[in-house]
Amino acid sequence: MRAYLLKRFLFGLLTLLVASFLIFSILRVVPGGPVDALIEEGWDDPELRAQLRHKLGLDLPFHLQYAHWLGGLFRGDLGVSLVLYQGESVGRVILERFGVTAQLALLSLAIALLIAFPAGIASALWKDRFLDHVFRLVALSGVSTPNFFLGIALIVMIGVGLRREWGAGGYVPFGEDPWGWFLRLLLPAIVLGTDHAASISRMLRTSMLDALGREFVLTAKAMGLPRRWVVIDALRNAMIPVVTVIGNSAGALLDGAVITEVIFRLPGLGSFLVQGVYARDLPVVQGVVVVAVGIRVAVNLLVDLLYGFIDPRIRYGSGR
Amino acid sequence: MRFGLVASVALCAAAFGLAGELRVGISGEPWNLDPALYTDIASVWLIQNIYDPLIELSVMGEPLPEYSLAESWEFNDDATSITLHIRHGVKFHDGSNLTAEDVVYNFQWILDPENASPVRKDLGPITAVEAMGPYTVKVTFRYPFPEALQYWSRALIGIVPAGSRGEGESPLVRQPVGTGPYRFVEWKRGSYILLEPFGDYWAEGIPPANIERVKFIFFGDESSKVAALLSGAVHLVDWISPRDFLALEKHPGIEVARIPGVMHQYVALNLAAHPFGITEEEVGDELAIERALMARKFMMYAIDREEIRDEVFYGLATIMYGPWYPDSEWFSPKLRGRTLHDPERAREYLNRYYELGGEKPLRFRMIATNTGWFVDIATIIQEQLRSYGVEAEVIPLEKRTLFATLKTLDWEAAVEDFAHGIPAVLRWLRYGYYKVPNHNHWYHAAEDLPPQYYPTHPGHEEFCRLWDEASAEPDPQKRKELVWRMEEMLVENVIRIDLMMVDSLLAWRKEVRFAEGTVQLLGTLHLKAVTGLGTG
Numbered sequence: 001m002r003a004y005l006l007k008r009f010l011f012g013l014l015t016l017l018v019a020s021f022l023i024f025s026i027l028r029v030v031p032g033g034p035v036d037a038l039i040e041e042g043w044d045d046p047e048l049r050a051q052l053r054h055k056l057g058l059d060l061p062f063h064l065q066y067a068h069w070l071g072g073l074f075r076g077d078l079g080v081s082l083v084l085y086q087g088e089s090v091g092r093v094i095l096e097r098f099g100v101t102a103q104l105a106l107l108s109l110a111i112a113l114l115i116a117f118p119a120g121i122a123s124a125l126w127k128d129r130f131l132d133h134v135f136r137l138v139a140l141s142g143v144s145t146p147n148f149f150l151g152i153a154l155i156v157m158i159g160v161g162l163r164r165e166w167g168a169g170g171y172v173p174f175g176e177d178p179w180g181w182f183l184r185l186l187l188p189a190i191v192l193g194t195d196h197a198a199s200i201s202r203m204l205r206t207s208m209l210d211a212l213g214r215e216f217v218l219t220a221k222a223m224g225l226p227r228r229w230v231v232i233d234a235l236r237n238a239m240i241p242v243v244t245v246i247g248n249s250a251g252a253l254l255d256g257a258v259i260t261e262v263i264f265r266l267p268g269l270g271s272f273l274v275q276g277v278y279a280r281d282l283p284v285v286q287g288v289v290v291v292a293v294g295i296r297v298a299v300n301l302l303v304d305l306l307y308g309f310i311d312p313r314i315r316y317g318s319g320r
Numbered sequence: 321m322r323f324g325l326v327a328s329v330a331l332c333a334a335a336f337g338l339a340g341e342l343r344v345g346i347s348g349e350p351w352n353l354d355p356a357l358y359t360d361i362a363s364v365w366l367i368q369n370i371y372d373p374l375i376e377l378s379v380m381g382e383p384l385p386e387y388s389l390a391e392s393w394e395f396n397d398d399a400t401s402i403t404l405h406i407r408h409g410v411k412f413h414d415g416s417n418l419t420a421e422d423v424v425y426n427f428q429w430i431l432d433p434e435n436a437s438p439v440r441k442d443l444g445p446i447t448a449v450e451a452m453g454p455y456t457v458k459v460t461f462r463y464p465f466p467e468a469l470q471y472w473s474r475a476l477i478g479i480v481p482a483g484s485r486g487e488g489e490s491p492l493v494r495q496p497v498g499t500g501p502y503r504f505v506e507w508k509r510g511s512y513i514l515l516e517p518f519g520d521y522w523a524e525g526i527p528p529a530n531i532e533r534v535k536f537i538f539f540g541d542e543s544s545k546v547a548a549l550l551s552g553a554v555h556l557v558d559w560i561s562p563r564d565f566l567a568l569e570k571h572p573g574i575e576v577a578r579i580p581g582v583m584h585q586y587v588a589l590n591l592a593a594h595p596f597g598i599t600e601e602e603v604g605d606e607l608a609i610e611r612a613l614m615a616r617k618f619m620m621y622a623i624d625r626e627e628i629r630d631e632v633f634y635g636l637a638t639i640m641y642g643p644w645y646p647d648s649e650w651f652s653p654k655l656r657g658r659t660l661h662d663p664e665r666a667r668e669y670l671n672r673y674y675e676l677g678g679e680k681p682l683r684f685r686m687i688a689t690n691t692g693w694f695v696d697i698a699t700i701i702q703e704q705l706r707s708y709g710v711e712a713e714v715i716p717l718e719k720r721t722l723f724a725t726l727k728t729l730d731w732e733a734a735v736e737d738f739a740h741g742i743p744a745v746l747r748w749l750r751y752g753y754y755k756v757p758n759h760n761h762w763y764h765a766a767e768d769l770p771p772q773y774y775p776t777h778p779g780h781e782e783f784c785r786l787w788d789e790a791s792a793e794p795d796p797q798k799r800k801e802l803v804w805r806m807e808e809m810l811v812e813n814v815i816r817i818d819l820m821m822v823d824s825l826l827a828w829r830k831e832v833r834f835a836e837g838t839v840q841l842l843g844t845l846h847l848k849a850v851t852g853l854g855t856g
């Protein structure tokens, strides 16, 4: 187990390293940069440009710039913002904003699971019946509806139609106003949650159908075990692929948060990334992407470890 | 019991906004609240309310001393120096008094190249700035600079206390200290900036008594911003699109206004590449020069501006007949009302282009910023040109990528816009619109450019002579006539295709009260215009 963990940790580190190199390189290939943002648009001044490039360390060779940034990364220093929050530590701002994204992600995941489990199980138990068709149709709509569309539709319905100020987005910390906090996170969480609920419930339905057709279930039914016990047993056996999808969804919540946070004015990592891209604030974009990759790696590891708890037959090790 | 009541009231206030709180929705989060270091528009909305400008200008570019920290001024006879008289009784938000020393500090800090201020060049050819008394400042120029006030209206949009920027990073970037009607309170990153009225503000009645705080709320998405206005989450927004304008116009709780805009839409043509320009090897090749000119003239008459105005801007834009505001006295009367869309002439010029050896069919790439309306404009132009058998490929690019591309030769046409920030005819006389070394769609004629960038083939020397003459001409009427001639030359040679000026479209909730005749100030989010908040 320890060897497995070490191996996964090292592999995760390697993934982070490759991701950091890719994002660092891509950002330097794309035309425009922080200096363009710090000079009046369209008004070129070669002297000022050179001065700013020097001040920001952008006149160093590529490998030195990367080495400096990577060195900082290993020390936990993601550099300083060059444009958005000039001179401020990117790591500190990420920490500040991570909380909002984490709250949104947890609430979204809760909503996703609350919808997905009853829907997935009901669909499997009443396969090809009216309820199954309804849930499948809803799931299909959930997967097919773009987040930005659902987000704006909710704002128009709640914020404009019902004239609820919280429906127009924004963020209030929990400590200041718990009810306001919940209301303001509810709509974006519904947007993200329904998206993931659809994929989780579809997977749960398939896995449950598979499990319900297995011999142990048929035996249990033949032995006259109560239906709910049979369902619980089948559910436990159907969980491995479902956990994988939930893990993927948890990791993907940050991807979805990019658009959702912008639409609902949430000061999280997603909107920070968008701001960083528009401002060409290289350390901000690099920092958020590396953190996002780190979260993905961590979530994947967690999901792998969860398999062992769900199915004790799974053992971690060298593969012998 | 009492605690419960207080808590309930507090919760309601937090959820639905405080009474006396003016909420302003702006696109994007400001980057920098130091008035000598900002480069983004969101920062301007804040800076102009936290600080006062040394010189405020009217929409037509005339100085407005009643809104300026310099209450009067006089130039010497040849405009090589100006003496500014600074307003008495002005206090900074830190409690100190504004004096000539503060103004001198602001000039000197920006002029110091070490500080890398992006507005340094807008201060002009200054050789000395000195305090002549506690409220008098003298600024001396290397050559006559009668446009100083217009330039400073942009370069000195806020005066800060002497020494307040310190030695390293300017603390004003995040903790601004100005003389403006509202004082900085708090910056919640990613969410809002909170200001409060400055009780010691020098102008009477500003800020109004029933505004207790002002919250500038950041929006990353335009639809959310409009929804927030409709829901009452904000009272006022920085701008709205023509489509939203038409929708909001019908809404009972919202007021809208349409005022002359400053966003100039145009199609830039690369004069240093085929088909609209010539290559370096073709310098002096009369045939190549004429061929490129024919391609440009074809474009000028083939594009139907009215269709663009109606389809993209729903009619809420003013068509341009040349490079300057059509209703401005600086705009050549000869150009006003000229024929803009003429398919017959367009075909003649296109045929002439082919006769002179131009590639058939005429084919080019048209880059456009991928946000806003630029791609829509480019697509309409693409369709219009298709009826002539001309193939235009529309390439959407992110804004900064587009600007970076413009600095290369790898483009033929570009759809973009720019704001007439400083009354641009003066800036144009001094520098060209923009000093970008390797493309000239900004009418640039600097000596450091290779010849194919010269803006007015043929007749570049004549254009430069007019330029020098107009810059030095003291008589306003003669100066205008010289400017008119230059404009005519630029239009004759189709240096750029000016399309239209988009109207500034404003929307606010009916609760917002503002002084009569100040809607333009309100439109640029100068909260000096706001006299209070009503009940709708």
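Protein chains in written order, with the working numbering: chain A, 1 to 320; chain B, 321 to 856. By construction, the Cβ of each residue, glycine as well, lies at the ideal position given by its N, Cα and C atoms. As the structure is a prediction and not an experimental result, all values here were calculated from the model.
Test item: CB-CB of residue i and residue j under 8 Å
{"i": "Ile39 of chain A", "j": "Leu27 of chain A", "result": "no"}
{"i": "Arg92 of chain A", "j": "Leu269 of chain A", "result": "no"}
{"i": "Lys800 of chain B", "j": "Trp650 of chain B", "result": "yes"}
{"i": "Pro527 of chain B", "j": "Pro496 of chain B", "result": "no"}
{"i": "Tyr708 of chain B", "j": "Leu670 of chain B", "result": "yes"}
{"i": "Leu515 of chain B", "j": "Arg494 of chain B", "result": "no"}
{"i": "Pro241 of chain A", "j": "Met203 of chain A", "result": "yes"}
{"i": "Glu631 of chain B", "j": "Ile560 of chain B", "result": "no"}
{"i": "Pro312 of chain A", "j": "Ala724 of chain B", "result": "no"}
{"i": "Pro321 of chain A", "j": "Val83 of chain A", "result": "Any property of residue 321 of chain A remains undetermined from this structure, which presents chain A solely from 1 to 320."}
{"i": "His555 of chain B", "j": "Val839 of chain B", "result": "no"}
Separation of residue j from residue i, as counted between CA atoms
{"i": "Thr499 of chain B", "j": "Leu636 of chain B", "result": "36 Å"}
{"i": "Glu575 of chain B", "j": "Leu655 of chain B", "result": "36 Å"}
{"i": "Gly718 of chain B", "j": "Ile579 of chain B", "result": "The sequence shown places Glu at residue 718 of chain B, not Gly. Looking at the two C-alpha atoms, the distance is approximately 28 Å."}
{"i": "Thr689 of chain B", "j": "Met239 of chain A", "result": "48 Å"}
{"i": "Leu418 of chain B", "j": "Met452 of chain B", "result": "15 Å"}
{"i": "Tyr463 of chain B", "j": "Ser347 of chain B", "result": "40 Å"}
{"i": "Phe633 of chain B", "j": "Phe694 of chain B", "result": "11 Å"}
{"i": "Glu807 of chain B", "j": "Ser652 of chain B", "result": "7 Å"}
{"i": "Glu789 of chain B", "j": "Ala698 of chain B", "result": "37 Å"}
{"i": "Phe11 of chain A", "j": "Gly71 of chain A", "result": "19 Å"}
{"i": "Tyr763 of chain B", "j": "Tyr586 of chain B", "result": "Because the pLDDT of Tyr763 of chain B is 42, which lies under 50, any placement of that residue in the model is unreliable, and the question is left without a value."}
{"i": "Ala712 of chain B", "j": "Phe684 of chain B", "result": "5 Å"}
{"i": "Val288 of chain A", "j": "Ile94 of chain A", "result": "7 Å"}
Per DSSP, cross-strand counterpart(s) of residue i
{"i": "Pro528 of chain B", "result": "According to DSSP, Pro528 of chain B bridges with nothing at all."}
{"i": "Tyr502 of chain B", "result": "B:Pro517"}
{"i": "Trp393 of chain B", "result": "B:Leu404"}
{"i": "Met686 of chain B", "result": "B:Val714 and B:Ala733"}
{"i": "Asn417 of chain B", "result": "B:Lys411"}
{"i": "Ser347 of chain B", "result": "B:Phe539"}
{"i": "Trp828 of chain B", "result": "B:Leu556 and B:Glu575"}
Exposure label - residue i; buried when at least 16 CB within 10 Å
{"i": "Asn396 of chain B", "result": "exposed"}
{"i": "Glu664 of chain B", "result": "exposed"}
{"i": "Asn300 of chain A", "result": "buried"}
{"i": "Phe24 of chain A", "result": "buried"}
{"i": "Ala547 of chain B", "result": "buried"}
{"i": "Met620 of chain B", "result": "buried"}
{"i": "Ala37 of chain A", "result": "buried"}
{"i": "Ala3 of chain A", "result": "exposed"}
{"i": "Thr851 of chain B", "result": "buried"}
Does the region 348-362 of chain B come close enough to the region 441-455 of chain B that 3 or more CB-CB pairs lie under 8 Å? Verdict: no, contact absent.
Does the region 278-286 of chain A come into contact with the region 130-146 of chain A, if we say contact requires no fewer than three beta-carbon pairs (one atom in each stretch) closer than 8 Å? These segments do not touch.
The region 470-478 of chain B contacting the region 366-377 of chain B, beta-carbon criterion three pairs below 8 Å: As far as the Cβ criterion goes, the region 470-478 of chain B touches the region 366-377 of chain B, which means the pair count is three or higher.
Report yes or no: do the region 590-597 of chain B and the region 826-837 of chain B share at least 3 C-beta pairs separated by less than 8 Å? Using a Cβ-Cβ distance cut-off of 8 Å, the region 590-597 of chain B and the region 826-837 of chain B are not in contact, since fewer than three pairs of beta carbons, one from each stretch, lie closer than that value.
Decide yes or no for the touch test of the region 503-512 of chain B against the region 256-274 of chain A: beta carbon pairs closer than 8 Å, at least 3 of them. Result yes; three or more Cβ-Cβ pairs closer than 8 Å.
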